[in-house]
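J.: Residue numbers (this note's numbering): 23 to 209.
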Amino acid sequence: MSQAPVTCIGATPIYASSRFSLQEERFSTPDGEVVRPVIHHPGAVAVIAESVPGRLVMVRQYRYPVRRWTLEIPAGTRVPGEAPERTAARELQEEAGYAARTFSEVMRFFPALGVSDEEMIVYRAAGLTQVPAAPEHGELVRLEEVAVAELARLVAEGEILDAKTIIAIAFLGQRLEPVRQPGGRHG
Numbered sequence: 023m024s025q026a027p028v029t030c031i032g033a034t035p036i037y038a039s040s041r042f043s044l045q046e047e048r049f050s051t052p053d054g055e056v057v058r059p060v061i062h063h064p065g066a067v068a069v070i071a072e073s074v075p076g077r078l079v080m081v082r083q084y085r086y087p088v089r090r091w092t093l094e095i096p097a098g099t100r101v102p103g104e105a106p107e108r109t110a111a112r113e114l115q116e117e118a119g120y121a122a123r124t125f126s127e128v129m130r131f132f133p134a135l136g137v138s139d140e141e142m143i144v145y146r147a148a149g150l151t152q153v154p155a156a157p158e159h160g161e162l163v164r165l166e167e168v169a170v171a172e173l174a175r176l177v178a179e180g181e182i183l184d185a186k187t188i189i190a191i192a193f194l195g196q197r198l199e200p201v202r203q204p205g206g207r208h209g
């Protein structure tokens, strides 16, 4: 089956910040004109790093949109024009207090492609050394190192809920089990 052409024929800005913009965009499609809200984002990176073999560098961070603390791998938004490897190095240092000798790209994915063009690039860091952490203003974050063997349990218990972190855990070869619900039910 061939794919019919889709063309963006216009966009109306709705909101813009230093982190993203929101536009209402109009598309010409085989079904006629379609209007969709689209979030434009400069992209983000996430870092898989083991301080020692079998111990994953993670951060406990307060996430304002969901109003709770989360357990995640270090990650952050790219500055427009910044090389993604530079973003990875900056975020690993700012959030976790580590520098890495090398960064290897693992994968790329779109975390919310139904509404956003944000591309997430996941790196694996190697040759870690501790450096002073330097979180941004309002970035409530602290280092936690977690045994890789404990990651699947933390996902099943709902302690790890972040998509990029769950993808990284699967990449590390950890078998994920159904989420354990209160009262013994499985999700």
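Idealized CB from N, CA, C, for every residue including glycine.
DSSP beta-bridge partners for I143?
T.: Answer is V67, R130.
J.: Do P133 and E127 count as a contact pair if the criterion is CB distance below 8 Å?
T.: Taking 8 Å as the Cβ cut-off, E127 and P133 do not qualify as a contacting pair.
J.: In chain order, what residues of the same chain have a beta carbon less than 7 Å from the beta carbon of E113, not counting five sequence neighbours either side?
T.: Excluding sequence neighbours, E113 sits near V67, V69, P96, A97, G98.
J.: Any idea what DSSP makes of R207, helix, strand or coil?
T.: Confidence at R207 is low in this model, with a pLDDT of 43, below 50, so its placement is unreliable and the value that follows should be read with caution. The answer is coil: DSSP assigns R207 none of H, G, I, E or B.
J.: Spatial neighbours of P59 within its chain, please: CB distance less than 8 Å, with the 5 preceding and 5 following residues excluded, ordered by chain position.
T.: Within the same chain, P59 has close Cβ partners I36, L44, Q45, E46, E47, V137.
J.: With H, G and I counted as helix, E and B as strand and the rest as coil, what does DSSP make of I95?
T.: It is coil, neither helix nor strand.
J.: In angstroms with no decimal places, state the Cα-to-Cα distance between Q83 and R164.
T.: Cα to Cα, Q83 sits roughly 7 Å from R164.
J.: Among the residues of its own chain, which have a CB less than 8 Å from the CB of G205, if the five just before and after it don't count?
T.: Its pLDDT being 49, under 50, G205 is placed unreliably by the model, and nothing is read from it.
J.: Are the Cβ atoms of S73 and L150 separated by less than 8 Å?
T.: Yes, these two residues count as a Cβ contact at 8 Å.
J.: Kindly indicate which three-state DSSP category I188 falls into: helix, strand or coil?
T.: I188 falls in the helix class under three-state DSSP.
J.: Can you name the residues that DSSP bridges to H62?
T.: Paired residue(s): S43.
J.: Label D53 either buried or exposed according to how many other C-beta atoms from any shown protein chain fall within 10 Å of its C-beta, with 16 as the threshold for buried.
T.: Looking at its Cβ environment, which holds fewer than 16 other Cβ atoms inside 10 Å, D53 is exposed.
J.: Flag this pair as yes or no: are the beta carbons of A147 and F131 separated by less than 8 Å?
T.: No, the pair does not count as a contact, with Cβ atoms beyond the cut-off.
J.: Where do the ends of the alpha helix (DSSP H) carrying R77 lie?
T.: Premise fails: R77 lies in the beta strand (DSSP E), 77-85, not in any alpha helix (DSSP H).
J.: Drop a sphere of 10 angstroms on the beta-carbon of V101, count the other beta-carbons inside from all chains shown, and report buried for 16 or more, exposed for fewer.
T.: So V101 counts as exposed.
J.: Using the Cα positions of A185 and R77, report the straight-line distance between them to the nearest angstrom.
T.: When rounded, the distance between both Cα atoms is 20 Å.
J.: Can you check which of these residues, T51, R85, G32, is closest to G160 by C-alpha distance?
T.: Measuring from the Cα of G160, the nearest candidate turns out to be R85.
J.: Whole angstroms is fine: what's the gap from A122's alpha carbon to A111's?
T.: Their Cα atoms are separated by approximately 7 Å.
J.: Quick check on this structure: which residue in I189, E116, E172 has the alpha carbon closest to the alpha carbon of V153?
T.: Minimum Cα distance to V153 is reached at E116.
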